[in-house]
Structures are given as C-alpha cells and as structure tokens.
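S.K.: Take the sequence shown: its letters are residues -21 to -1, 1 to 394, numbered as in mature numbering (1 follows the signal peptide of the UniProt record, and there is no 0). Ideal Cβ positions, reconstructed from N, Cα and C, are used throughout, including at glycine. Predicted model only: the values in this text are computed from it and were never measured.
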Amino acid sequence: MALRLSLTLFAVYCAMLSVQAVELTERPWPQWQGPRRDAVSTETELLQDFPAEGPKKLWLFEECGIGYAGPAIVGDKLYILGAFDGTDHLLCIDVTTGEKLWSSPLGPTLENDWGDGPRSTPTVDGEHIFTMTPKGTLYCLQSDDGSVVWSKAMQELGGSIPSWGYAESPLVLGDRVYCTPGGEAGAIAALDKQTGETIWQTKDYADAAHYSSIVPMEHEGRTILVQLLYKELVGVDPEDGAGLWSIPWNGNVAVIPTPIVSGNTVYATSGYGAGCALVEVTGNEAEVVYDNKNMTNHHGGVILLDGHLYGYSDGKGWVCQDQATGDIVWREREALGKGAIAYADGRFYCLSEDEGDLVLIAASADGWQEHGRFTLDPQTELRKPKGKIWVHPVIADGRLYLRDQDLLFCFDVRE
C-alpha cells in the first residue's frame, strides 16, 4: 500500500511539472469514427462551454502533408496519412509533444482537382496498422516503426479507382481485414490480416466501390458486414462473403457517409439528392421503413444519439431527425455552414468546411444550443481552389484533433 501511494504521489508530481500534460486513458480512437465507427466518443469530464478564446492549443504539427485523411489514436501515438512530393506516407506522431516519431513511404498519391493525397483513416490493430491509399493499395504495417508487412492492390481484386480515389478505412475483425475493391469480381473482400491472402470475395454484389466504409452489425446472434455501395445498401456474411440482403440505393456522383447500425436497423444517407433511408433487418431479409430527403448528407457524417440523428443536410442546414419516423425535429441554417460532426460528453463538435469554425453545441433534440466557438488559426496554404476543410473532428483522451491539410491541431478540451 505504501509503495502504491508513493508511486501515485510521484505521478501527480510529474503531471504538475508539465502544464500541457493531458492524462492518457483507456479510450483509444483506433479507426475511422472511433471504436464503433459511429463518431461517438465515450470521453467524459470535458468542457461544456468553450472560453471566449477557444480551448487551449496544446500543439500544432505543420508537416502532415497533403490530404484529407483523419487520425487514429492509440495510447501515446497518433497515426495519419499525408502526401509529400507526390508520395503517400503513413506518419506516427507523439500525442503529448506533437513531434513526428517516424514516416513510412507507401507509393504514388492520387492527384485531383478537389485535392491531392490520401483520404483514408488508418485502422490500428495491436502491432499492425491497416490503411488504404487513394490509388487503392491496402497496406499492413508494423505499428512500432512503420515497416511494411504486406500490401494488396484493389486492382488485383478487380477494383478500379473511383473518381476521387479510394477513401475507405479498412475494417479489422478477428483474423481478417475487410475492404471494398468494388467491381464484377466481387464488391467486398476478406483478407488474412497476417498475410494479405484473399479468403473470399463476395460473388453476390458487383457494384462499384465508392467512398463509404464497412460497419459491423450485431444481429440475431451473428455479425453482418454492412456497406453502402454506389447503387445498393448490402449485408454480407463475414465468414464466407455470402450476400444476405440488398436494398437499392439512389446513388449519384459520390456515395460517402458510413451507414449507422442500431439494433435491427440500418440508416443510410448520401448527397447529390439521394436522401436517406431506414432499413429493418429480419434474418436474411431487409425492408425499407422510410425513404425521404429530410437528410441528404454529403460527407460530413451523421450521428445517432438517443433516438435522434444529427448532421448537415444539403439544402436544409444542420438537422435533427427522428430516427423512428424520419421526420425533421429541428434545423438550423444560419448559425454555421456545411461541415462535419463528432460527439463527446453531451456535446456535438461541428466543424464548418469553408471558414474553419468549430462550434460546440448541446446534443439535444430541443434545438441548436451553442456553447462556444473558435476558428482554426492558422489555416493551410496548400488547399486547392475547390478544396475545403473536410477532415472530421476527433476527440480522444481529453484532446480535440483537427486537420487542415498539412496542419494538425491538438486542443485540450478537458474541464
């Protein structure tokens, strides 16, 4: 007991020596949209109101490279993709100091009028990291030094590069990594995560890959892989790739948001006039509960919380939607422009894509209730004329992470 007390006092003393230290907890953000791929953080004891000047900036890393990839955080390390001189790299950054630990080159990046560089968030699985380049190569790397274990091009699986590049964040379950090459050879594939060897490629769906990521659904005692393809929302058996159900989707131009699973339902939305739908799954069948345009989310994401859906709907502004009925509960068009959303500790973090304003609002079905805002400063000079601030906010271990191309910000949002 005395030894434990001494160690505790020593830890407290060390923390007091560093005014910028933020306690590391067991709440990692190991992949796209967090542990459950729902953009909901389990963080607590966070700021409920921002000070007038905004939260304290802990550090600014200015060498993140070009791209729209988000961070994955596990322990004291952050992993993120960026492009330098036409080559994609996976970077590892110390979350306490903001210093780069290593950088691993992956291959030629994608060039695009809307912005060059990678779009995928890495997936951290113990000693390995899995990530997708915009040209469609899935890499497995060592998490300690970034050395490449294996790689697999989606073209080997019959895939072709979408207009804005592959943006999927790979899903790891058990001994497999799942990805969406798209195409006639099979839209979804399972690979051995140790070797990269193909285990199966679904023969039931041959739709083109777009920009959504697979999400697992626990249903009736089994796991289902749910993916939103260009023209269909599908459920796949992760064991053998068998198609379980399919719902037609009115995909147009780009299908981006990740589906939301809840109980026996799946909610999907995408932009360019597609709208949204709630699907009820029973056994190997799925039925549409409603299909409307009350939520037409382009790419900023939608969050389900306490029976309500929150996100930006093109043409309507920020919307709260009743999950069960699809009806709009409230909407706000003037307070903030189009952007991305994340949740932590009773608050939504809403980031505008044009101005770089981050607004903290109450996670409430009673209306838009603002609790402070600030603007990213500085902002990048590397964005192309058509490019915007598209990387979603991430909250992990009391820190808020925001990216604007080469600039990666870390803010202290603890109480």
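Between which two residues does the beta strand (DSSP E) containing P372 stretch?
M.R.: Premise fails: P372 is in no beta strand (DSSP E) and is neither H nor E.
S.K.: Can you check whether the CB of A18 is closer than 8 Å to the CB of Q12?
M.R.: Against a cut-off of 8 Å, the Cβ pair of A18 and Q12 comes out as a contact.
S.K.: With respect to the beta strand (DSSP E) encompassing Q121, which residues constitute its N-terminal and C-terminal limits?
M.R.: It spans 116 to 121 - the beta strand (DSSP E) in which Q121 sits, taken as one unbroken run.
S.K.: Just checking Y328 against the ligand FMN - is the residue's beta carbon closer than 7 Å to any of the ligand's heavy atoms?
M.R.: This structure simply doesn't include the ligand FMN, nor any ligand for that matter.
S.K.: Could you tell me whether the Cβ atoms of Y322 and L339 are closer together than 8 Å?
M.R.: No, these two residues do not count as a Cβ contact at 8 Å.
S.K.: For E308 and H287, which I take to be in contact (beta-carbon distance under 8 Å), what is that distance rounded to the nearest angstrom?
M.R.: Reading off the sequence, residue 308 comes out as Val, not Glu. Indeed, because the Cβ distance is near 6 Å, the residues count as touching under 8 Å.
S.K.: Using a beta-carbon distance below 8 Å, is L330 in contact with chain D?
M.R.: Absent from the structure: chain D. Only one protein chain is present.
S.K.: Mind checking S142: buried by the 16 CB within 10 Å criterion, or exposed?
M.R.: Counting Cβ neighbours within 10 Å, S142 comes out exposed, since fewer than 16 surround it.
S.K.: When DSSP labels each residue in this structure, what does E394 get in the three-state scheme?
M.R.: Correct three-state label for E394: coil.
S.K.: With three or more C-beta pairs closer than 8 Å as the rule, is the region 29 to 40 touching the region 82 to 96?
M.R.: At 8 Å Cβ cutoff, the stretches do not touch.
S.K.: Is the separation between the beta-carbon of L60 and that of P101 shorter than 8 Å?
M.R.: For L60 and P101, yes; Cβs fall inside 8 Å.
S.K.: DSSP state of M274, grouped into three classes?
M.R.: M274: coil per DSSP, three-state reduction.
S.K.: Using a Cβ-Cβ cutoff of less than 6 Å, which residues in the same chain neighbour K56 once the five nearest sequence positions on both sides are dropped?
M.R.: C71.
S.K.: So the beta strand (DSSP E) Y380 belongs to, where does it begin and stop?
M.R.: Per DSSP, Y380 belongs to the beta strand (DSSP E) from 378 to 383.
S.K.: Mind listing, in chain order, the continuous beta strand (DSSP E) runs of no fewer than 3 residues lying wholly within the region 47 to 84?
M.R.: Listed in chain order, the complete beta strand (DSSP E) runs (minimum 3 residues) inside the region 47 to 84 are 51 to 53, 56 to 63, 66 to 73.
S.K.: So, is G153 buried or exposed, given that buried needs 16 or more other C-beta atoms within 10 angstroms?
M.R.: It counts as exposed.
S.K.: Under DSSP, the beta strand (DSSP E) around F40 begins and ends at which residues?
M.R.: Where F40 is concerned, the enclosing beta strand (DSSP E) stretches over 35 to 40.
S.K.: Could you check where the beta strand (DSSP E) with residue 423 kicks off and where it finishes?
M.R.: Because residue 423 is not part of the residues shown, which for the chain are -21 to 394, the question remains open.
S.K.: For D123 and E106, I'd like the C-alpha separation in whole angstroms.
M.R.: Those two C-alpha atoms are separated by around 7 Å.
S.K.: Out of curiosity, what's the CA-to-CA distance linking L3 and P195?
M.R.: With a pLDDT of only 44 at L3, under 50, the local geometry of the prediction cannot be trusted, and the value read off the model is given with reservation. About 27 Å.
S.K.: What separation, rounded to the nearest whole angstrom, lies between the Cα atoms of E266 and A164?
M.R.: If I take the Cα positions, the gap works out to 27 Å.
S.K.: Along the beta strand (DSSP E) that carries D171, what are the first and last residues, could you check?
M.R.: Run containing D171: 168 to 171, per the beta strand (DSSP E) assignment.
S.K.: Between the region 204 to 218 and the region 180 to 193, do three or more beta carbon pairs fall short of 8 Å?
M.R.: Taking 8 Å as the limit for Cβ pairs, the verdict is that the region 180 to 193 does touch the region 204 to 218.
S.K.: Give, in chain order, every unbroken run of the beta strand (DSSP E) that is at least 3 residues long and sits entirely within the region 304 to 333.
M.R.: 307 to 311, 318 to 323, 326 to 331, all fully within the region 304 to 333.
S.K.: Who pairs with H107 in a beta bridge, going by DSSP?
M.R.: In DSSP, H107 forms a bridge with D104, Q121.
S.K.: Could you tell me the boundaries of the beta strand (DSSP E) in which G214 lies?
M.R.: Segment 211 to 215, the beta strand (DSSP E) holding G214.
S.K.: For a test of the three-state rule: what should DSSP assign to F(-12), helix, strand or coil?
M.R.: Because the pLDDT at F(-12) is just 34, under 50, the model does not fix this residue reliably, and the value given afterwards should be weighed accordingly. Three-state result, F(-12): helix.
S.K.: Between the Cα of D324 and those of R16, W228, T21, R15, spot the shortest distance and give me the residue it belongs to.
M.R.: It is T21.
S.K.: Would the region 244 to 255 count as touching the region 215 to 224 if we require 3 or more Cβ pairs under 8 Å?
M.R.: Result no; under three Cβ-Cβ pairs closer than 8 Å.
S.K.: Any idea which residues DSSP pairs K131 with across the strands?
M.R.: Answer is L117, bridged to K131.
S.K.: Do L212 and V240 come within 8 Å of each other at the CB atom, strictly closer than that value?
M.R.: Result no, Cβ atoms of V240 and L212 do not sit closer than 8 Å.
S.K.: Buried or exposed: T304, going by 16 or more other Cβ atoms within 10 Å of its Cβ?
M.R.: It counts as exposed.
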